[in-house]
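Read the structure below first, then the notes.
Numbering (the numbering used here), first residue to last: 5 to 151.
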C-alpha cells in the first residue's frame with residue numbers, strides 16, 4: 005500500500021466482490037475492478053458492497069454500448085471514476101459520454117491492421133470525428149492474417 009501505485013487492478017477473482025470490498029476497505033491505494041463483468045448488473049452488485057474505488061468495464065464484455073451507458077450512470081451515481089478496458093476505438097467515444105471518465109487503457113493490438121493509427125497528443129487519446137466508432141480495417145492486411 006506504500007508503493008505509490010495509482011491503483012490496484014482486479015486483486016482477486018472477478019466474482020469475489022466481498023473479497024474486493026475487504027481489500028478496498030483495508031487499503032488507501034484505490035482498487036479498480038469490472039473488466040471481467042458481463043453486464044451492468046454485475047457492476048451494480050459490486051457498487052452495492054463497495055467492492056472498489058474505481059471501475060473499468062470492457063465494452064465488449066459488458067454487452068456493448070447500452071450496458072456501458074448504464075455502467076456510466078451507475079458509476080456517476082456512486083461517485084466512482086470510470087476507466088475503459090481495451091477496445092480503444094469504442095472506449096474513446098464512450099468515455100466522452102461518461103461524466104466520471106478517468107483513464108483510457110490503450111492496448112493497440114490491432115496495430116497495422118487499422119487504416120488510421122490512434123491519435124495520441126500530450127498523453128491523451130483523441131476520439132475520431134467520423135461516424136460510428138471510427139474503426140476501419142486495412143483489408144489487405146486483415147486478409148494476410150486470416151486463418
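For glycine and all other residues, C-beta sits at the position ideal for the given N, C-alpha and C.
This one's a predicted model, so the numbers in the text were calculated from it and none came from an experiment.
- Of all C-beta pairs linking the region 59-78 to the region 24-44, three or more are shorter than 8 Å, placing the two stretches in contact.
- In the assembly as shown, residue 91 is a buried residue. Its beta-carbon has 16 or more other beta-carbons within 10 Å.
- Per DSSP, the beta bridge partners of residue 36 are 13 and 58.
- In the structure shown, the three-state DSSP call for residue 111 is coil.
- Of all C-beta pairs linking the region 137-151 to the region 118-125, three or more are shorter than 8 Å, placing the two stretches in contact.
- For residue 79, the enclosing alpha helix (DSSP H) stretches over residues 69-82.
- For the pair residue 145 and residue 87, the CB atoms are not nearer than the 8 Å cut-off.
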